[in-house]
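For the record, in the sequence shown the residue sitting at position 66 is 86 according to the numbering used here, with numbers rising by one throughout. Down below is the structure, laid out as structure tokens.
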Amino acid sequence: MEGPITEVNLGEIPLEWNGAIAFLDRDGVLNYGSPNYINSPNELVIIPGVKEAVIALRKQGYRIVVVTNQSAIMRGHWGEERIHSIHEKLQEEIGAIDVLMTCPHRNRDRCQCRKPQPGMAFQAKTQFPAIQFEESIMVGNRTSDMEFGRNAGLH
21 MEGPITEVNL
31 GEIPLEWNGA
41 IAFLDRDGVL
51 NYGSPNYINS
61 PNELVIIPGV
71 KEAVIALRKQ
81 GYRIVVVTNQ
91 SAIMRGHWGE
101 ERIHSIHEKL
111 QEEIGAIDVL
121 MTCPHRNRDR
131 CQCRKPQPGM
141 AFQAKTQFPA
151 IQFEESIMVG
161 NRTSDMEFGR
171 NAGLH
């Protein structure tokens with residue numbers, strides 16, 4: 021599997037856009053994480069206040085892009101259809117997300133899309149050609165998330 025798994029919902033969200041994107045990690049930021057992956061939609065528990073935070077980011081003019089590393093896919097624990105069902109539940113809970121990007125690779129695969137590599141940010145440019153990285157932000161809970169933001173040139 022090459023590159024991130026990308027789910028796009030651009031037509032569903034009307035918004036005046038200022039060129040900025042809020043890149044959001046998933047597990048530990050939008051929902052409670054688990055040491056054994058979020059393996060099904062039933063295991064997805066949204067952190068209180070997340071829906072309101074996403075609405076506030078939209079009001080500030082940000083497009084919302086979820087960027088998540090999910091090596092369970094390449095490890096063979098589950099397939100691409102599972103990530104789609106988990107993300108469907110996520111959006112039922114917090115509202116539509118402009119783009120969801122999932123890196124399915126393991127560390128040893130040395131891909132460019134696994135955070136902290138900036139590949140998912142650069143891939144977002146295909147959906148948002150007018151992106152202004154210097155005006156965009158990364159919200160995460162791990163060092164690799166913050167390194168992703170720095171590596172992509174985010175604010």
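The beta-carbon is built from N, C-alpha and C at its ideal position, and this holds for glycine as well.
Leaving out the 5 sequence neighbours to the left and right, which residues in its chain are closer than 7 angstroms to D165 when beta-carbon positions are compared?
-> D45, K135 and M158
Counting pairs of Cβ atoms below 8 angstroms between the segment 132-150 and the segment 65-80, do you hit three or more?
-> no
Beta bridge counterpart(s) of F168 as assigned by DSSP = For F168, which the question treats as bridged, DSSP gives no partner whatsoever.
Which of the three DSSP states, helix, strand or coil, is assigned to R102?
-> helix
Take every Cβ of the segment 82-96, pair it with every Cβ of the segment 43-58, and state whether three or more of those distances are shorter than 8 angstroms.
-> yes
Any idea what DSSP makes of R206, helix, strand or coil?
-> Nothing can be reported for residue 206: it is not among the residues displayed for the chain, which extend from 21 to 175.
Endpoints, alpha helix (DSSP H) assigned at R78 = V70 to K79
Which of the three DSSP states, helix, strand or coil, is assigned to E27?
-> strand
Terminal residues of the beta strand (DSSP E) in which A42 lies = I41 to L44
According to DSSP, what are the bridge partners of D47?
-> N51
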